[in-house]
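Heads up, the thing below is written out as structure tokens.
Numbering (this note's numbering), first residue to last: 143 to 651.
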């Protein structure tokens, strides 16, 4: 095989997967946008999402800054050297990371050190299978941490909040899948897609669930019972009122694909792989001798362009914020307000928050804004850093630290996605702080708001976890937790649980 050409084909697959949503996913998002009520928070979010999809396509830059843990599934003809393919994948991964098509996401689980090139023990994930066809099929999925953390596995029988007992039957499976959508709320960047694996053991069940995410959004399950269940789940999930980003609304789930395998009598697992709206999976067929791409998958049907399709109504009130922000300014904000930030913003994720609990901050954070973001960065020939992708990360991971950090350093605002919990909400009221929800996955939209990188601290934590000093203009977000004890996230969770309970009674006998 021509290995240089093979490496280029794999590099092209990585780039396309990271920067260009497949046609079937685009059509699903367009359908969701058409169903949303104009002028709502959800409609505004979908406008940002579609704008971001187009920007990523035009810029050939990552749709979302969290490019996940690359997972390859490969089928090869008998006689093809799989060791050569694995080596070519690793070289292509390194090149794509250097070119800012992937964020360096490989971290040593014991030391926390980032390898810087997306290689490490067990990563990328590469799974081979032989088949009798005369070409190589290579599938790739880039599944970010926000949605990966909302994966869930149920062991039947079990008791489910809002739905009661789920038994070892089709109706119990139905309840588990509905509950999986409820528990994700907006933290997995809804409106999302789910793959479901019924049966197997704990590991093979999850693998089967993830495999379902490679199916076409618009296909029909060959098993009539599962086809019926897939349609049911999508229909009912969209009545829960969770909506895009968990802001409420009509679009909560855009696709459900279910697979089944045998199990042992003692175990009955239902495994759910949740995927965000930035549904980045692609596949190619490769010539086994030349290494060239002979066919791209997911190319059937119309490709939706999202140019000049904005339907967003201008918010009635946009509050201008510029750090340092006073407590008086913060306490004037209410849930639902739209803010526009101009000035300095500092990134801070898991490593930063853990560090700040026992160390001084490298900069004066009094009155400033922390952005839960792990950007994709690239250094130019003069040594200056540039932001290539910079959407928000899931904030709930910082719940053990956030309130204490805000009070300790005088931070007035936190920007992230998915909301935070009661400890942070109490701290916002006590200290005079606010939580601002940006649109998850909109990495190009927010990168465009970042006009300069003015510095960086704590680079020893790696690029995604370092504290970047960013100068932003017109960075838009929505107040979803205020200093008066109000939380949109808690409200949506409560109302969606009440609606979930409507599906407690058996559907399949």
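Idealized CB from N, CA, C, for every residue including glycine.
Item	Value
In chain order, what residues of the same chain lie with their CB nearer than 6 Å to the CB of residue 157, ignoring the 5 residues before and after it?	243
Which residue comes first and which comes last in the beta strand (DSSP E) that contains residue 126?	Outside the shown range of the chain, which is 143 to 651, sits residue 126, and nothing can be said about it.
Can you give me the C-alpha to C-alpha distance between residue 360 and residue 337, rounded to a whole angstrom?	14 Å
Relative to the alpha-carbon of residue 624, which residue among 635, 616, 594, 554 has its alpha-carbon at the smallest distance?	554
Using a 10 Å radius around the Cβ and a threshold of 16 neighbouring Cβ atoms, would you call residue 372 buried or exposed?	buried
Mind checking which residues open and close the beta strand (DSSP E) that includes residue 272?	267-273
Out of 250, 266, 440, point me to the one whose CA is closest to residue 233's CA.	266
Three Cβ pairs or more, each shorter than 8 Å: is that satisfied between the region 592-599 and the region 209-216?	no
Cβ of residue 430 within 8 Å of Cβ of residue 208?	no
Considering only the alpha carbon of each residue, which of 343, 295, 478 lies closest to residue 662?	The requested residue 662 does not occur in the structure, where the chain is confined to residues 143 to 651.
Take the Cβ of residue 252 as the centre, count every other Cβ of all protein chains shown within 10 Å, and call the residue buried at 16 or more, exposed below.	exposed
On the criterion of 16 or more Cβ atoms from any shown chain inside 10 Å, does residue 579 qualify as buried, or is it exposed?	buried
In the DSSP assignment, what residue or residues form a beta bridge with residue 219?	273
Looking at the secondary structure, which residues open and close the alpha helix (DSSP H) in which residue 304 lies?	Run containing residue 304: none; DSSP gives neither H nor E here.
Verify whether the separation of the beta carbon atoms of residue 531 and residue 517 is less than 8 Å.	yes
Tell me whether residue 588 sits in a helix, a strand or coil according to DSSP, three-state version.	helix
May I ask which residues mark the beginning and end of the beta strand (DSSP E) holding residue 318?	From DSSP, residue 318 is part of no beta strand (DSSP E) but of the alpha helix (DSSP H) over 312-326.
Between which two residues does the beta strand (DSSP E) carrying residue 288 extend?	Premise fails: residue 288 lies in the alpha helix (DSSP H), 287-290, not in any beta strand (DSSP E).
Is it true that the CB of residue 499 sits closer than 8 Å to the CB of residue 538?	no
Residue 439 and residue 426 look like a contact to me (Cβ under 8 Å); what is the Cβ gap, rounded to whole Å?	7 Å
Closer than 8 Å is the cut-off here; do at least three beta carbon pairs connect the region 162-173 with the region 413-427?	yes
For residue 155, which residues from the same chain have a beta carbon less than 7 Å from its beta carbon, with the 5 sequence-adjacent residues on both sides left out?	280, 282, 424, 426
Enumerated in chain order, which unbroken segments of the beta strand (DSSP E) with a length of 3 residues or greater are wholly contained in the region 497-526?	511-513, 518-521
Could you check if residue 468 is buried or exposed, using at least 16 other CB atoms within 10 Å of its CB as the buried criterion?	exposed
Mark residue 363 as exposed unless 16 or more other C-beta atoms lie within 10 angstroms of its C-beta, in which case mark it buried.	buried
Between which two residues does the beta strand (DSSP E) containing residue 160 stretch?	Careful: residue 160 lies outside any beta strand (DSSP E), inside the alpha helix (DSSP H) at 145-161.
With distance defined between alpha-carbon atoms, name the residue in 490, 478, 556, 534 nearest to residue 205.	534
Hey, residue 334 and residue 631 are a contact pair by Cβ (cut 8 Å); roughly how many whole angstroms apart?	Not quite, the Cβ-Cβ distance comes to about 16 Å (not below 8 Å), so this is no contact.
Alpha carbon to alpha carbon, how far is residue 583 from residue 375? Give it in angstroms, no decimals.	24 Å
Can you check whether the CB of residue 483 is closer than 8 Å to the CB of residue 609?	no
Could you say if the region 337-350 and the region 389-400 meet the contact criterion of at least three C-beta pairs nearer than 8 Å?	yes
Can you tell me whether residue 553 is helix, strand or coil according to DSSP?	coil
Is the region 411-420 touching the region 341-359, taking contact as three or more C-beta pairs under 8 Å?	yes
According to DSSP, is residue 348 part of a helix, a strand, or is it coil?	helix
Quick one: using the 10 Å Cβ neighbour count with 16 as the cut-off for buried, is residue 176 buried or exposed?	exposed
My output table needs one value for residue 193: the three-state DSSP class, helix, strand or coil.	helix
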